[in-house]
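Report on one structure; see the data block that follows.
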Amino acid sequence: MNYFNLLHKTNKLSVAFETNGKGFIGFVVELPGAFVRGKTEGEALSKINIEVNSYLRWLGYSKTHNFEFQVIQRHSSNLMVEDADNEILLDADREYLDEKEFKELLNLVHYSGVSFFSLYESSVFKDWVDEPRIRKTFYGENPKTIQEIFNHVSRTQYYYLSRIKLKFSEEETDFLKIREMCLLEFSKIFYGSNNLLVYYIDEESWTIRKVLRRFIWHDRIHGKAITRILEKQKQSGVIREHIDPFYFLNSF
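Reminder that position 15 of the sequence shown reads as 1419 in this note's numbering, one-by-one numbering, no gaps.
Okay, structure coming up:
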């Protein structure tokens, strides 16, 4: 994985924002799936360096950097962005994708899935209820336990397959097997059309690159949620320690 090598060449990152006026979510263009959120754009931008350094540590890069950043794209929507719903198609999502970068993205999506699964598997009290999480979201009841979060992420893998009009059955339930099946299907599409096709589904535009980015983003946002629950368990004396494969703890 060579994504952090790109950052040796520049100290400036690009950020693409989506907002509905009530909340802001920004995506770091150079690092697929890296994101920040805030009630304002400024609040979200204040978290860029924490998120980027967490992401780089996840990739195995231990040094801390302070990056400059520029907002290169803004998108307005009517979605519940304050609840992390988003639809933005980054300008970068439309770009040509060569075979080397495609394989790197596949490896990153695989690595993200393994990291998320290891976080889930290492959790002892998967049905421990985090009461502040009990609320409605745009997709239904907010998952309030580690098990419910995991089930949601596992099912969503099939949803991402549907975004590029792939036919599938939902018979497989093993998380990592679903992930591998998804990556195989993406490869078939890529070698047939590269990243040239834009799929318009349910009033949202998708490309292969966007789907892969969203896989990583979804692992990260719900991986953060699980890590927060584990920290609460630790602070409550329910557990003594827990793993942090995404290196989120410094961002809390």
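Glycine included, every Cβ here is placed at the ideal spot set by N, Cα and C.
For residue i and residue j, what's the separation of their Cα atoms in angstroms?
i	j	result
W1621	T1468	22 Å
R1478	R1583	31 Å
M1405	E1505	Because M1405 carries a pLDDT of 47, less than 50, the predicted location of this residue cannot be relied on, and the following value inherits that uncertainty. So the two alpha carbons sit approximately 10 Å from each other.
Q1637	K1628	14 Å
V1419	R1498	16 Å
L1600	L1501	9 Å
N1482	N1424	5 Å
T1631	D1648	7 Å
Taking C-beta to C-beta, are residue i and residue j nearer than 8 Å?
i	j	result
F1619	V1513	yes
F1650	R1617	no
F1521	V1642	no
V1432	I1452	yes
F1428	V1485	yes
S1527	N1654	no
Helix, strand or coil: which one does DSSP assign to residue i?
i	result
T1423	strand
S1466	coil
V1615	helix
M1405	Only weak support exists for where M1405 lies, its pLDDT of 47 falling under 50; the coordinates are left without a value.
E1545	strand
S1418	strand
G1442	strand
S1591	helix
Y1651	coil
Output needed for residue i: all residues of its chain with C-beta closer than 6 Å, excluding positions within five of it in sequence on either side, in chain order.
i	result
E1635	none
F1554	Y1524
H1646	L1634
Beta-carbon within less than 7 Å of residue i's beta-carbon, same chain only, minus the 5 sequence neighbours each way: which residues are those?
i	result
D1531	T1549 and Q1551
D1487	T1541 and F1542
Can you tell me which of the options puts its alpha carbon nearest to the alpha carbon of residue i?
i	options	result
F1579	I1538, F1439, Y1515 and E1535	Y1515
R1613	A1448, E1434 and R1632	E1434
L1417	P1536, G1430 and V1615	G1430
G1541	W1462, K1443, D1489 and T1560	Note on residue identity: the sequence assigns Thr, not Gly, to residue 1541. For the residues W1462, K1443, D1489 and T1560, the minimum Cα distance to T1541 belongs to D1489.
I1605	I1568, R1559 and D1487	I1568
Q1561	P1536, E1535, G1544 and L1588	L1588
Grab me the residues of residue i's own chain with a C-beta within less than 8 Å of its C-beta, minus the 5 sequence neighbours each way, in chain order.
i	result
F1471	L1411, N1415, K1416, L1417, I1452, N1453 and V1456
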